[in-house]
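If you want my numbering, it's the position in the sequence shown, counting the first as 1, plus 6.
Here the structure comes first, spelled out in structure tokens, and everything after it is commentary.
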Amino acid sequence: MPSERDETDRPITLTRAGISVRLRQVRGFRAEDRLARQIGIEIRQRRRGRGLSQGALAALVGRDRSTICRWEAGERLPTVPAILALGDALRCEASALLPRVFTEED
Numbered sequence: 007m008p009s010e011r012d013e014t015d016r017p018i019t020l021t022r023a024g025i026s027v028r029l030r031q032v033r034g035f036r037a038e039d040r041l042a043r044q045i046g047i048e049i050r051q052r053r054r055g056r057g058l059s060q061g062a063l064a065a066l067v068g069r070d071r072s073t074i075c076r077w078e079a080g081e082r083l084p085t086v087p088a089i090l091a092l093g094d095a096l097r098c099e100a101s102a103l104l105p106r107v108f109t110e111e112d
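Written out as structure tokens, the structure is:
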């Protein structure tokens, strides 16, 4: 994964633990940062939709409330096992928490 800001607009693929997500770069933002923000927004929306507090969601997935807060703020990426636990807790497919990016290949 890039460790510096990528200044291109080309699509890139991030892979962790066998899960690949294809993203379009945005100038001045690392793809991993953008991915963390998108996942965080989805977690927050689904948590609120279920009427859960950050603390309640944290208890359901076995994490601290501060971890949920960092995920929702896009400061950290949840691990694959955490995404699976979030899917269970939020009663959705884990893949629903990941952004769907349409490319010319789709």
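Built from N, CA and C at the ideal position, the CB exists for glycine as well.
Everything numeric in this text was worked out from a predicted model, so none of it was measured.
Where D94 and R71 are concerned, what is the direct C-alpha to C-alpha distance, given to the nearest angstrom? Reading the sequence shown from its first residue, position 88 is the one you call residue 94. Reading the sequence shown from its first residue, position 65 is the one you call residue 71. Looking at the two C-alpha atoms, the distance is approximately 17 Å.
Would you decide whether G46 is buried or exposed? Buried here means 16 or more other CB atoms lie within 10 Å of its CB. Your numbering for residue 46 matches position 40 in the sequence shown. Looking at its Cβ environment, which holds 16 or more other Cβ atoms inside 10 Å, G46 is buried.
Mapping the DSSP letters down to three states, classify D70 as helix, strand or coil. Mapped onto the sequence shown, residue 70 falls at position 64. D70 sits in coil when the DSSP states are folded into three classes, being neither helix nor strand.
Return the Cβ separation of A102 and L90 in integer angstroms, given the expectation that the two are a contact with Cβ distance under 8 Å. In the sequence shown, the residue the question calls residue 102 occupies position 96. In the sequence shown, the residue the question calls residue 90 occupies position 84. Going by Cβ atoms, the distance from A102 to L90 rounds to 12 Å, so no, they are not a contact pair.
In whole angstroms, what separates the C-alpha of R56 from that of R97? Counted from its first residue, the sequence shown places residue 56 at position 50. Counted from its first residue, the sequence shown places residue 97 at position 91. If you draw a straight line from the Cα of R56 to the Cα of R97, it is about 9 Å long.
Distance, G80 Cα to D62 Cα: The residue given as residue 62 occupies position 56 in the sequence shown. The residue given as residue 80 occupies position 74 in the sequence shown. Going by the sequence as given, residue 62 is Ala instead of Asp. Take the alpha-carbon of A62 and the one of G80: they are about 19 Å apart.
Hey, R106 and A42 are a contact pair by Cβ (cut 8 Å); roughly how many whole angstroms apart? By one-based count along the sequence shown, residue 106 stands at place 100. By one-based count along the sequence shown, residue 42 stands at place 36. R106 to A42, Cβ: 16 Å. No contact.
According to DSSP, simplified to helix, strand and coil, what is C75? Within the sequence shown, residue 75 is the residue found at index 69, counting from 1. Of the three classes helix, strand and coil, the one that applies to C75 here is helix, per DSSP.
Secondary structure at P87, three-state DSSP: helix, strand or coil? Here residue 87 corresponds to residue number 81 of the sequence shown, with the count starting at 1. In this structure, P87 counts as helix in the three-state DSSP scheme.
From the DSSP output, in three-state form, read off L92 for me. One-based indexing of the sequence shown puts residue 92 at position 86. L92 falls in the helix class under three-state DSSP.
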